[in-house]
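The structure under discussion appears below in the form of structure tokens.
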Amino acid sequence: MSRTMEGPTQVPTAPVQAAYSYCEAVTGQQARNFAYGIRLLPPHKRQAMSALYAFSRRVDDIGDGTLKPEAKQDRLEATRELLERIRQGAVDEDDTDPVAVALCDAARRFPLPLGGLDELIDGVLMDVRGETYETWDDLKAYCRCVAGAIGRLSLGVFGTQPGARGADRAAEYADTLGLALQLTNILRDIAEDAANGRTYLPADDLAKFGCSEGFHGTTPPPGSDFAGLVHFEVRRARALFAEGYRLLPMLDRRSGACVAAMAGIYRRLLDRIERDPDAVLRGRVSLPGREKAYVAVRGLSGLDARHIGRQTHGGRR
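If you want the working numbering, it's the 1-based position in the sequence shown plus 1311.
Here's what the structure looks like:
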């Protein structure tokens, strides 16, 4: 993945540029954490990442919307058909769907494993069916669909540096980093998901900490060790981050900074959740904009990457 399929610096035509601008606007409005990271990329990579996000956002919005399950399934399958047209390069630049136009152009420029977006659709269909997860292995399969696949798609945009040591495992590390981000999301959104009738944490973990009755208010279930549950999942997420961070030395400076910034924001969310587990029951835990900007600057300067590298290498001794 060290090279793109087509010259990435080739200037897009006006209709394609307009399509990318639309996708960047969607990303800036709806994905603040993601947007902070991709600001660090050169324009052609930032545009491709925005196209990936806008398509993924469309899939997620179908799953989270108010349609009946049968209608959601129909919409998701129609989106899969659109993805097949994109895969075949059958979307004209004058098409009225700017997301399709932008993603089709990005797929021509970069070696995107578009099957990852099929996996995302599969994961959202799991949500539509109301699936629950008995074990971590069960939840991990879901997370690989909705987040690990996005990590692998992103790697298609980033590429790896020529001769990077261990590059044959880059996709594996990108996938694992996606799992870390998704598990952090699940912890952050416990209350919101419960209000929507969803529980993502594995049933055996919930039972182990006395939380099987679920989360129905701003306080933990009576008699539960909710803090113990959260700390257990935080440790699992940290282990995933440590493994996924092995991707960073394989990337160029700006792509590595982008990954370090996005992951750094989520690691700081984990820190906050760990300090006050009950906070996730009172509402969504988030970082202020100035702190996100600070993390982005650290990523671009390489400070976080060097810190992460020391932690990772230390863990292997």
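Note that beta-carbon positions come from the ideal geometry of N, C-alpha and C, so glycine has one too.
All figures in this text were calculated on a predicted structure; none of them were measured in a lab.
Nearest-angstrom Cα separation, counted from residue j out to residue i
{"i": "R1420", "j": "G1467", "result": "10 Å"}
{"i": "L1512", "j": "T1487", "result": "17 Å"}
{"i": "A1506", "j": "Y1453", "result": "20 Å"}
{"i": "T1443", "j": "L1450", "result": "8 Å"}
{"i": "K1383", "j": "R1440", "result": "10 Å"}
{"i": "D1479", "j": "E1554", "result": "15 Å"}
{"i": "A1330", "j": "D1448", "result": "39 Å"}
{"i": "H1355", "j": "V1402", "result": "19 Å"}
{"i": "R1586", "j": "A1417", "result": "41 Å"}
{"i": "Y1605", "j": "K1379", "result": "42 Å"}
Check whether residue i and residue j have beta carbons under 9 Å apart
{"i": "G1348", "j": "C1522", "result": "no"}
{"i": "L1464", "j": "V1370", "result": "no"}
{"i": "D1429", "j": "R1368", "result": "no"}
{"i": "I1576", "j": "V1541", "result": "no"}
{"i": "V1322", "j": "Q1328", "result": "yes"}
{"i": "A1502", "j": "V1591", "result": "yes"}
{"i": "G1470", "j": "S1566", "result": "yes"}
{"i": "R1579", "j": "E1544", "result": "no"}
{"i": "G1539", "j": "F1526", "result": "no"}
{"i": "A1581", "j": "L1498", "result": "Checking the displayed sequence, the identity of residue 1581 turns out to be Leu instead of Ala. Yes, the pair counts as a contact, with Cβ atoms nearer than the cut-off."}
Closer than 9 Å to chain D by CB, residue i
{"i": "R1480", "result": "In the structure shown, chain D does not exist; there is a single protein chain."}
Residue i versus the options, residue with shortest Cα-Cα distance
{"i": "C1334", "options": "K1383, G1594, C1415", "result": "C1415"}
{"i": "G1374", "options": "L1436, F1537, E1395", "result": "L1436"}
{"i": "Q1472", "options": "P1424, D1563, A1389", "result": "D1563"}
{"i": "D1589", "options": "A1574, G1528, R1549", "result": "G1528"}
Buried/exposed call for residue i, threshold 16 Cβ in 10 Å
{"i": "R1628", "result": "For R1628, the predicted model reports a pLDDT of 31, less than 50, meaning its position is unreliable; a value from the coordinates is still stated below. Looking at its Cβ environment, which holds fewer than 16 other Cβ atoms inside 10 Å, R1628 is exposed."}
{"i": "L1352", "result": "buried"}
{"i": "L1517", "result": "buried"}
{"i": "T1407", "result": "exposed"}
{"i": "A1362", "result": "buried"}
{"i": "P1599", "result": "exposed"}
| message | With three or more C-beta pairs closer than 8 Å as the rule, is the stretch 1570-1580 touching the stretch 1546-1559? | response | yes
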